[in-house]
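Using the working numbering, you'd call the opening residue of the first sequence number 1 and step up by one each time. Each residue gets a CB set at the ideal place from its N, CA and C atoms; glycine is no exception. A short write-up of the structure that comes next.
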Amino acid sequence: MNKAYDASGKVLDVNIFSLVHTFESAQPLTFYADYLRESNSITYGSGNLCINLKSHESEYNARLELLNGSSKRYYAEVEKRFRLADDMGRIYKKISIDSHVEKAIERYKGMRLTLNDPWETTVCFIISQFNNVKRIRLIVRNIVERFGDEIDCNDSLSVKSFPDSEKLMEATDSELRALGTGFRSKYLKSAAEFCTNNMDLYKLNPKNYEKLKAKLMEIDGVGEKVADCIALMGYGNLNAFPTDVWIKRTMEKLYFDGKKVKPRDIHEFAKDYWGAYAGYAQQYLFHSARTYRENGTLRKK
DNA sequence: ACCCAGGCGGGCG
DNA sequence: CGCCCGCATGGG
Numbered sequence: 001m002n003k004a005y006d007a008s009g010k011v012l013d014v015n016i017f018s019l020v021h022t023f024e025s026a027q028p029l030t031f032y033a034d035y036l037r038e039s040n041s042i043t044y045g046s047g048n049l050c051i052n053l054k055s056h057e058s059e060y061n062a063r064l065e066l067l068n069g070s071s072k073r074y075y076a077e078v079e080k081r082f083r084l085a086d087d088m089g090r091i092y093k094k095i096s097i098d099s100h101v102e103k104a105i106e107r108y109k110g111m112r113l114t115l116n117d118p119w120e121t122t123v124c125f126i127i128s129q130f131n132n133v134k135r136i137r138l139i140v141r142n143i144v145e146r147f148g149d150e151i152d153c154n155d156s157l158s159v160k161s162f163p164d165s166e167k168l169m170e171a172t173d174s175e176l177r178a179l180g181t182g183f184r185s186k187y188l189k190s191a192a193e194f195c196t197n198n199m200d201l202y203k204l205n206p207k208n209y210e211k212l213k214a215k216l217m218e219i220d221g222v223g224e225k226v227a228d229c230i231a232l233m234g235y236g237n238l239n240a241f242p243t244d245v246w247i248k249r250t251m252e253k254l255y256f257d258g259k260k261v262k263p264r265d266i267h268e269f270a271k272d273y274w275g276a277y278a279g280y281a282q283q284y285l286f287h288s289a290r291t292y293r294e295n296g297t298l299r300k301k
């Protein structure tokens, strides 16, 4: 059993889960969240729900406890967002083809991909271009603070929702730039208009990866890499293999004998090598590359 | 000061 | 097609 509710329905037991690795892998930059290391808890807004979650972990297993709201609806949201139905044992077996991924799994066991709102994911990864994680998170936070609506949390927590495309469409260029978006402001404006008037992200078929990617690339400011991120983290295409600068460098070093290769070659390799779970391999290699040096010391923050 | 960050669109050959 | 360039902004 990968997961199970206890009899009271108040906690959720999960095999192989790490909240800290999942949050710090910078992959859930696609949702507005406060994570507290000391208490291993996280607070975030999801639609109109306020989620305040604490993870009690021993070894690689976790007991998730919702600190506010205890209806099935909240647990269903957590289960979906953190991909708790994924059988990590099985996925690890599939992607541990060599020592590179094996080592990354050893270091970050329990790190999961997340499944996020398609529009949120689109905005976050438009912002991600030519940018760094810390600043992306700051800008996303600014957007939520400025344009999000307060969610009723039934207690002292203050959480805002992520503004939908209609809401963001109303923002002026100078308002968007004031949040730190820089030259990406025009993409955000254009994407907001397009996704409100021309393309309903919630009606795209998440199953057909190639078609989905092509549709996403019709959005101004969404190229191949960003489309892969949206396909993976917004629609759950686990075969997608976003190839950013970190992954490109890592792949060239580990699998192409240090030679420069094009993203197309990397995609082809990943498809043949990892197949349906290439996205998970990508996530482990990405996080490992970003946080580990050769000598095993930690990189920056 | 210089370099880099989860890239993209546009212009040119 | 492929290649090359500029692009906002803040941190190391």
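Note to self: Can you look up Thr74 in the DSSP assignment and give me helix, strand or coil?
What the structure shows: The residue you call residue 74 lines up with position 74 of the first sequence. The residue you asked about is not Thr; residue 74 is Tyr in the sequence shown. In this structure, Tyr74 counts as helix in the three-state DSSP scheme.
Check: Going by the beta-carbon positions, is the gap between Ala240 and Tyr209 smaller than 8 Å?
Finding: Along the first sequence, read from residue 1 onward, the residue named residue 240 stands at position 240. Along the first sequence, read from residue 1 onward, the residue named residue 209 stands at position 209. Remark: C-beta atoms of Ala240 and Tyr209 approach each other more closely than 8 Å.
Next item on the list: Could you tell me if Ile97 is buried or exposed, where buried requires 16 or more neighbouring beta carbons within 10 angstroms of its beta carbon?
Entry: As a working note, residue 97 is residue 97 in the first sequence. Counting every other CB atom within 10 Å of its CB across the protein chains shown gives Ile97 a total below 16, marking it as exposed.
Checklist line | Gly45 (DSSP reduced to helix, strand or coil) | finding: Walking along the first sequence from the start, residue 45 turns up at place 45. Residue state, collapsed to three classes: strand.
Checklist line | Contacts around Asn40, its chain only, beta-carbon distance under 6 Å, and the 5 residues preceding and following it disregarded | finding: As a position in the first sequence, residue 40 is number 40, starting the count at 1. The residues are Leu19 and Ser55.
Next item on the list: Along the beta strand (DSSP E) that carries Asn61, what are the first and last residues, could you check?
Entry: To locate residue 61, count along the first sequence from 1; it is residue 61. Per DSSP, Asn61 belongs to the beta strand (DSSP E) from Asn61 to Leu66.
Item checked: Integer-rounded CB distance, given that Gly234 should sit under 8 Å from Asn48 -> Within the first sequence, residue 48 is the residue found at index 48, counting from 1. Within the first sequence, residue 234 is the residue found at index 234, counting from 1. Contact between Asn48 and Gly234 does not hold, since their C-beta atoms are separated by about 19 Å, which reaches or exceeds 8 Å.
Check: So, are the CB atoms of Leu84 and Gly279 less than 8 Å apart?
Finding: On the first sequence, position 84 is the one that residue 84 refers to. On the first sequence, position 279 is the one that residue 279 refers to. Gly279 is positioned such that its CB atom lies no closer than 8 Å to that of Leu84.
Next item on the list: Would you tell me roughly how many angstroms separate the C-alpha atoms of Tyr187 and Gly148, rounded to the nearest one?
Entry: Translated into the one-based positions of the first sequence, residue 187 becomes position 187. Translated into the one-based positions of the first sequence, residue 148 becomes position 148. For Tyr187 and Gly148, the gap between their C-alpha atoms comes out near 19 Å.
Check: How big is the Cα-Cα spacing for Val261 and Trp274?
Finding: Counting from one through the first sequence, the residue named residue 261 turns up at place 261. Counting from one through the first sequence, the residue named residue 274 turns up at place 274. Rounded to the nearest angstrom, the two C-alpha atoms are 18 Å apart.
Notebook entry, point to check: Which of helix, strand or coil does DSSP assign to Asp152?
Noted result: Residue 152 sits at position 152 when you count from the first residue of the first sequence. Three-state DSSP puts Asp152 in coil, outside helix and strand.
Checklist line | Whole-number beta carbon distance between Glu65 and Val11, since they are thought to touch under 8 Å | finding: Residue 11 sits at position 11 when you count from the first residue of the first sequence. Residue 65 sits at position 65 when you count from the first residue of the first sequence. Taking a contact as a CB-CB distance under 8 Å, the pair Val11 and Glu65 counts as one, their CB atoms being some 5 Å apart.
Check: For the alpha helix (DSSP H) that contains Tyr35, what are its first and last residues?
Finding: Position 35 of the first sequence, counted from the first residue, corresponds to residue 35. Run containing Tyr35: none in the alpha helix (DSSP H); it sits in the beta strand (DSSP E), Ala33 to Leu36.
Check: What's the gap between the Cα of Lys93 and the Cα of Leu67?
Finding: As a first step, residue 93 is located in the first sequence; it is residue number 93 there, counting from the start. As a first step, residue 67 is located in the first sequence; it is residue number 67 there, counting from the start. Looking at the two C-alpha atoms, the distance is approximately 34 Å.
Notebook entry, point to check: Short check: CB of Asp220 to CB of Ala192, under 8 Å?
Noted result: Within the first sequence, residue 220 is the residue found at index 220, counting from 1. Within the first sequence, residue 192 is the residue found at index 192, counting from 1. Result no, Cβ atoms of Asp220 and Ala192 do not sit closer than 8 Å.
Notebook entry, point to check: Which residues in the same chain have their Cβ closer than 7 Å to the Cβ of Phe286, if we skip the five residues on either side of it in sequence?
Noted result: Counting from one through the first sequence, the residue named residue 286 turns up at place 286. For Phe286, where only same-chain residues beyond five positions count, the Cβ hits under 7 Å are Trp246 and Ile247.
Check: Leaving out five residues before and five after Ile16 in sequence, what residues of the same chain have Cβ atoms less than 6 Å from its Cβ?
Finding: Position 16 of the first sequence, counted from the start, is the residue given in the question as residue 16. These residues qualify, in order along the chain: Tyr60, Met88 and Gly110.
Note to self: Could you give the first and the last residue of the continuous alpha helix (DSSP H) run that contains Arg222?
What the structure shows: For the purposes of this step, residue 222 is identified with residue 222 of the first sequence, where counting begins at 1. Just to set this straight, residue 222 is Val in the shown sequence, not Arg. Where Val222 is concerned, there is no enclosing alpha helix (DSSP H), given that its DSSP letter is neither H nor E.
Notebook entry, point to check: Which of helix, strand or coil does DSSP assign to Lys54?
Noted result: Position 54 of the first sequence, counting from 1, holds the residue named residue 54. Lys54: strand per DSSP, three-state reduction.
Checklist line | Spatial distance of Ser165 from Trp119 (CA atoms) | finding: As a working mapping, residue 165 is identified with position 165 in the first sequence. As a working mapping, residue 119 is identified with position 119 in the first sequence. Between the alpha carbons of Ser165 and Trp119 lies a distance of about 7 Å.
Margin query: Could you check whether Ile139 and Leu179 sit closer than 8 Å to each other, using their CB atoms as the reference points?
Written below: Stepping through the first sequence from its first residue, residue 179 is reached at position 179. Stepping through the first sequence from its first residue, residue 139 is reached at position 139. Result yes, Cβ atoms of Leu179 and Ile139 sit closer than 8 Å.
Checklist line | Residues bridged to Val159 [DSSP beta-bridge criterion] | finding: One-based indexing of the first sequence puts residue 159 at position 159. In the DSSP output, where bridge partners are listed per residue, Val159 has Ile151.
Check: Where does Tyr284 sit, in a helix, a strand or coil, going by DSSP?
Finding: Along the first sequence, read from residue 1 onward, the residue named residue 284 stands at position 284. Here Tyr284 carries a helix assignment [DSSP, helix/strand/coil].
Next item on the list: Look at Gly45 and Val159 and say whether their C-beta atoms are less than 8 Å apart.
Entry: For this step, residue 45 is matched to residue 45 along the first sequence. For this step, residue 159 is matched to residue 159 along the first sequence. Val159 is positioned such that its CB atom lies closer than 8 Å to that of Gly45.
Margin query: For Lys301 and Thr291, I'd like the C-alpha separation in whole angstroms.
Written below: In the first sequence, counting from the first residue as 1, residue 301 sits at position 301. In the first sequence, counting from the first residue as 1, residue 291 sits at position 291. Since pLDDT at Lys301 reaches only 48, below the 50 mark, its modelled position is unreliable, and the value read off the structure follows with that caveat. So the alpha carbons of these two residues sit roughly 8 Å apart.
Checklist line | C-beta contact flag for Lys213 and Ala231 at 8 Å | finding: Start at 1 with the first residue of the first sequence, and residue 213 comes out as number 213. Start at 1 with the first residue of the first sequence, and residue 231 comes out as number 231. Using a Cβ distance threshold of 8 Å, Lys213 and Ala231 count as a contacting pair.
Check: Under a three-way DSSP split, which group does Ser39 fall into?
Finding: The sequence position of residue 39 within the first sequence is 39, counting from 1. Here Ser39 sits in coil by DSSP.
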